[in-house]
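Here the sequence shown stands for residues 0 to 121, where the numbers follow numbering that gives the first Met the number 0.
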Amino acid sequence: MPLSNPADDPFTKLAQNLGELEIVIGERARPAIAGAREGLRDALACRERGDMAGSLGAIRLAMERLAALAAAVDPDEGALMRIIAERFAAALGAGRKDEAKTSVDVMRRKAGDTGDDGDKDW
């Protein structure tokens, strides 16, 4: 089901805020961030087609790219990002939306978004 306002979608917000990482990390972050954005776009497209398994796979791949980038800068941060991505995929796959939402909020903050996502109804 398409969203009435894509700007309110947490994955769209995450993709938009990835540019903050490029500013902080520098030019070497550009390929990983581009890959993560593309993965998030793929996830949204899959979701709109009703392909939840494909959406989860695309999100996981995007988060793995970000985790690899984080690991190149800070191995501990990379490990944390991998754990967050795994928790997200497991939670959403099991229908635990609150837990998945918490993981997305952490990912968004790691990507530079300090705002609170008021949309609590997924």
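Glycine is no exception: its CB is placed at the ideal position from the N, C-alpha and C atoms.
The structure presented is a predicted model; accordingly, all values stated were derived computationally and were not measured.
The Cβ-Cβ distance between A78 and L91 does not fall below 8 Å. Under the Cβ criterion (8 Å, minimum of three pairs), the region 63-75 counts as touching the region 32-41. Under the criterion of beta carbons closer than 8 Å, L13 and L39 qualify as touching, at roughly 6 Å. Cβ atoms of A88 and I58 come within 8 Å of each other, at about 7 Å. L20 and G49 have their C-alpha atoms some 30 Å from each other. Spatial neighbours of G53 in its own chain (CB-CB distance under 7 Å, excluding positions within 5 residues in sequence) are listed in chain order as C45. In chain order, I83, R86, F87 and A90 place their CB closer than 7 Å to the CB of S102, counting only its own chain and leaving out the 5 sequence neighbours on each side.
By the C-beta density criterion, K109 is buried, having at least 16 other C-beta atoms within 10 angstroms. Here A93 is exposed. Its C-beta has fewer than 16 other C-beta atoms within 10 Å. Contact between I24 and V72 holds: their C-beta atoms lie close to 6 Å from each other, under 8 Å.
In the structure shown, the three-state DSSP call for G94 is coil.
By a beta-carbon distance limit of 8 Å, R95 does not contact N16. Their separation comes to about 24 Å.
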